[in-house]
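Working notes for the structure below.
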Amino acid sequence: MSTSHSGTAPEEAAVKTRGRSGAIFGASAIAALGGLLFGYDTGVISAALLYIAPEFALSDGMKQIVVASLLLGAIAGSIGAGPVVDRIGRKVTLVLLSAVFTLGALLSAAAPNTEVLIGARVLLGLAIGGSSLVVPTYIAEIAPPALRGRLVSMNQLMITIGIFASYIVGYAFSSSGGWRWMVGLAVLPSLLMLAGLFALGESPRWLLARGRTEDARKALLRTHSPEDADAALDELSTAMREESRFSYRDLLSPKLRPAVLLGFAVAATNQLVGVNAVIYYAPTILQQAGMGDSAAILSSVGIGAVNMIFTVIALLFIDKVGRRPLLLGGTSVVIAVLFGLGALYLLPSVEGLGLLLTLGLMLYEAAFAASLGLAIWLINSEVFPTAVRGKASSVGTVTHWGLDFLISISVLTLINALTPTGLFWLYGVFGVIGLVYLYRKLPETKNRTLEDIESSLRGEVKA
């Protein structure tokens with residue numbers, strides 16, 4: 001595998017960030033609050049569902065609908081966000097999304113019946129789907145190559161922090177069954193995000209794409225020294241002159257097809273190994289294995305902690321080790337654990353099944369967090385040309401949410417139809433298919449400019 005490329009060398013890229021790394025990290029952290037809300041609002045249902053179900057007398061089918069309603073909104077949000085973010089800009093879109101997050105949290109907490117709760121979760125889904133596209137795109141476009149992997153991956157870190165926080169809050173209110181507090185506390189980070197966004201600048205890449213050259217330079221000055229801002233502006237201008245304007249139909253053209261297929265494959269593999277079956281239903285699965293409500297939620301806290309810790313570990317190494325080794329190695333472990341979990345159910349009268357499942361799910365989350373969890377947002381933000389990044393990223397994001405919906409609305413049904421063994425093994429088979437494709441097609445993107453990655457994929461060159 002060739003390691004030569006025309007991108008910025010690490011030491012050169014490091015020079016370009018001198019004196020401005022604090023501003024870059026600060027802007028990325030504020031935007032990544034969208035990731036924290038993403039994680040919290042998706043994760044909190046796992047504990048809340050144990051108390052919503054008896055209050056609203058939900059059947060297994062209705063439980064799945066309550067969970068999956070958020071994903072319907074996320075599909076719509078990820079589809080709609082592509083054209084919107086390219087038209088009105090990254091920052092304004094993020095402001096609108098944070099307002100929707102706030103409204104959705106308040107409506108969820110006040111829901112008097114199942115119908116209102118489902119509507120509120122659809123609204124939250126719109127914000128989550130949109131932020132899953134816009135946040136990594138914005139961060140990638142303000143970050144220099146030497147920091148891009150770490151900063152874009154901050155979004156995934158915030159997602160895992162949000163999931164972990166939702167499990168902690170779920171356990172804290174488990175004794176009282178206070179599910180309304182569980183879902184309503186999401187209003188705090190959404191208001192913080194809304195306030196912080198007003199201090200941020202717009203993406204210089206988007207400004208340049210709209211012909212606002214002077215505004216693009218001012219935006220670069222927020223995160224670059226004056227001389228480096230001028231150099232970066234020249235580099236962006238050259239790249240933008242080489243890009244034509246594309247429609248969705250052009251995403252199927254030969255020069256864009258490799259990037260689109262790669263984005264689809266990463267998103268599909270991310271979902272089809274069943275991670276959100278764990279996030280949404282871990283307490284329910286553990287409860288079925290013999291654990292009490294509070295014990296099942298507490299075990300989920302441990303699973304969430306492992307997810308967060310290994311996201312941090314991967315974040316520290318992703319720009320050193322590279323995307324390919326982490327993604328391929330971690331996915332291999334995920335597959336092995338899935339087959340192991342399925343085999344566990346075949347053993348006769350297993351003592352402490354709940355504990356063994358918890359340990360297995362912790363290992364699963366560790367491997368997933370260090371690989372597919374980071375990869376989906378980072379790869380989508382790196383492989384698409386600037387002029388179509390919003391539209392093209394929406395392909396991977398819609399794939400992610402569409403498959404997430406199918407999984408979330410089928411977990412309990414498939415457990416009944418296939419048994420837990422069949423469900424885990426089905427996810428394992430999907431993982432094997434994804435691993436083979438990614439091994440063949442995924443390029444290394446470490447320390448390469450976005451323009452260099454674009455050129456590599458157009459020529460279908462693996463580097």
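Counting with our numbering, you get residues 1 to 463 for the letters of the sequence shown. Think of the CB as a built atom: it goes at the ideal place given N, C-alpha and C, for glycine as much as any other residue.
C-beta atoms of Thr284 and Ala296 nearer than 9 angstroms: Residue 284 sits at position 284 when you count from the first residue of the sequence shown. Residue 296 sits at position 296 when you count from the first residue of the sequence shown. Yes, the pair counts as a contact, with Cβ atoms nearer than the cut-off.
Straight-line Cα distance separating Ala282 from Gly290: The residue labelled residue 290 in the question sits at position 290 within the sequence shown. The residue labelled residue 282 in the question sits at position 282 within the sequence shown. So the alpha carbons of these two residues sit roughly 13 angstroms apart.
Cβ neighbour criterion (16 or more within 10 Å) applied to Gly170: Along the sequence shown, read from residue 1 onward, the residue named residue 170 stands at position 170. Buried, by the Cβ-count rule.
Whole-number beta carbon distance between Leu36 and Pro189, since they are thought to touch under 8 angstroms: Here residue 189 corresponds to residue number 189 of the sequence shown, with the count starting at 1. Here residue 36 corresponds to residue number 36 of the sequence shown, with the count starting at 1. Yes, Pro189 and Leu36 are in contact; Cβ-Cβ is about 5 angstroms, under 8 angstroms.
Cβ contact (3+ pairs, closer than 8 angstroms) linking the region 124–139 and the region 96–115: yes
Reduced DSSP secondary structure (H/G/I, E/B, other) of Arg222: Here residue 222 corresponds to residue number 222 of the sequence shown, with the count starting at 1. Reduced to three states, the DSSP call for Arg222 is coil.
For Gly61, three-class secondary structure by DSSP: Reading the sequence shown from its first residue, position 61 is the one you call residue 61. Three-state DSSP puts Gly61 in a helix.
Of the residues Ile303, Ala268, Ala369, Ser28, the one placed nearest Ser144, counting alpha carbons only: Position 144 of the sequence shown, counted from the start, is the residue given in the question as residue 144. One detail in the question is off: residue 144 reads as Pro in this sequence, not Ser. Closest option to Pro144, Cα to Cα, is Ser28.
Secondary structure, alpha helix (DSSP H): runs of 4+ residues fully inside the region 179–215: 179–184, 187–197, 204–209
Assumed close pair Val67, Ile88 - CB separation to whole angstroms, cut-off 8 angstroms: The residue labelled residue 67 in the question sits at position 67 within the sequence shown. The residue labelled residue 88 in the question sits at position 88 within the sequence shown. That pair is no contact at about 31 angstroms.
Proximity below 9 angstroms, CB of Trp425 to CB of Gly360: The residue labelled residue 425 in the question sits at position 425 within the sequence shown. The residue labelled residue 360 in the question sits at position 360 within the sequence shown. Going by C-beta atoms, Trp425 is not nearer than 9 angstroms to Gly360.
Residues of its chain near Met193, where Cβ-Cβ distance is below 6 angstroms and the 5 sequence neighbours each way are ignored: For the purposes of this step, residue 193 is taken as residue 193 along the sequence shown, with counting starting at 1. Contacts found: Leu33, Ser98.
Residue nearest to Trp401 in terms of C-alpha spacing, selected from Leu49, Gly43, Phe25, Ala74: Within the sequence shown, the letter at position 401 stands for residue 401. Nearest C-alpha to Trp401: Ala74.
Residue of Arg212, Ser174, Ala232 minimising C-alpha distance to Leu221: Translated into positions along the sequence shown, residue 221 becomes position 221. Of the candidates Arg212, Ser174, Ala232, the one whose C-alpha sits nearest the C-alpha of Leu221 is Ala232.
Closest residue to Thr428 among Thr160, Ala31, Tyr364 (Cα-Cα distance): As a working mapping, residue 428 is identified with position 428 in the sequence shown. In the sequence as displayed, the identity of residue 428 is Gly instead of Thr. It is Tyr364.
Inter-residue Cα distance where the pair is Thr358 and Ile303: Position 358 of the sequence shown holds residue 358. Position 303 of the sequence shown holds residue 303. C-alpha separation (whole angstroms): 7 angstroms.
Segments assigned alpha helix (DSSP H), at least 4 residues, entirely inside the region 22–53: 33–43
Outcome for Pro420 when other beta-carbon atoms lying within 10 angstroms are tallied against a minimum of 16: Numbered from its first residue, the sequence shown carries residue 420 at position 420. Pro420 comes out buried.
C-beta atoms of Ala375 and Asn276 nearer than 9 angstroms: What you label residue 375 is simply residue 375 of the sequence shown in a count that begins at 1. What you label residue 276 is simply residue 276 of the sequence shown in a count that begins at 1. No, the pair does not count as a contact, with Cβ atoms beyond the cut-off.
Residues near Leu414 in its chain [Cβ-Cβ closer than 7 angstroms; skip 5 each side]: The sequence position of residue 414 within the sequence shown is 414, counting from 1. Taken in chain order, the residues that qualify are Leu423.
Whether Val273 touches Leu338 by CB criterion (9 angstroms): Position 273 of the sequence shown, counting from 1, holds the residue named residue 273. Position 338 of the sequence shown, counting from 1, holds the residue named residue 338. Contact flag set, yes.
Ala370 Cβ short of 8 angstroms to the ligand MG heavy atom set: The ligand MG is absent from the structure shown, which contains no ligand whatsoever.
Lys218 versus Ser225 - alpha carbon distance: Counted from its first residue, the sequence shown places residue 218 at position 218. Counted from its first residue, the sequence shown places residue 225 at position 225. Spanning the two alpha carbons is a distance of roughly 11 angstroms.
Buried or exposed by the 16-neighbour rule on C-beta atoms within 10 Å, applied to Ile433: Within the sequence shown, residue 433 is the residue found at index 433, counting from 1. Classification for Ile433: exposed.
Three-state class that DSSP yields for Glu444 in the structure shown: By 1-based counting over the sequence shown, the position of residue 444 is 444. Coil at Glu444, not helix or strand.
For Ile409, the three-state DSSP class (helix, strand or coil): The residue labelled residue 409 in the question sits at position 409 within the sequence shown. Of the three classes helix, strand and coil, the one that applies to Ile409 here is coil, per DSSP.
contact_flag[the region 160–176, the region 77–95] where n(CB pairs < 8 angstroms) is 3 or more: no
Residue closest to Leu117, alpha-carbon to alpha-carbon, out of Phe56, Ile379, Lys91: In the sequence shown, counting from the first residue as 1, residue 117 sits at position 117. Nearest option by C-alpha distance: Phe56.
Per-residue DSSP class, three states only, for Val273: On the sequence shown, residue 273 is found 273 positions in, with the first residue counted as 1. Residue state, collapsed to three classes: coil.
Burial state of Gly352, where buried means 16 or more other Cβ atoms lie within 10 Å: Locating residue 352 in the sequence shown gives position 352, counting from the first residue. So Gly352 counts as exposed.
Per-residue burial, Ser176 [other beta carbons within 10 Å of its own, 16 or more giving buried]: Taking the sequence shown and counting its residues from 1, one reaches residue 176 at position 176. That one is exposed.
Pick from Leu157, Glu227, Pro443, Pro204 that is closest to Phe310, judged by C-alpha positions: In the sequence shown, residue 310 corresponds to position 310, counting from 1. Taking only the C-alpha atoms, the option nearest Phe310 is Leu157.
Nearest-angstrom Cβ-Cβ length linking Ala216 and Pro204, presumed shorter than 8 angstroms: For the purposes of this step, residue 216 is taken as residue 216 along the sequence shown, with counting starting at 1. For the purposes of this step, residue 204 is taken as residue 204 along the sequence shown, with counting starting at 1. Contact flag correct, Cβ pair sits at about 4 angstroms.
CB-CB length for Leu72 against Val100, believed under 8 angstroms: Indexing the sequence shown from 1 puts residue 72 at position 72. Indexing the sequence shown from 1 puts residue 100 at position 100. Wrong, their Cβ atoms sit about 15 angstroms apart, outside the cutoff.
Ranges of the alpha helix (DSSP H) found wholly within the region 289–344, counting only runs of at least 4: 293–321, 323–344
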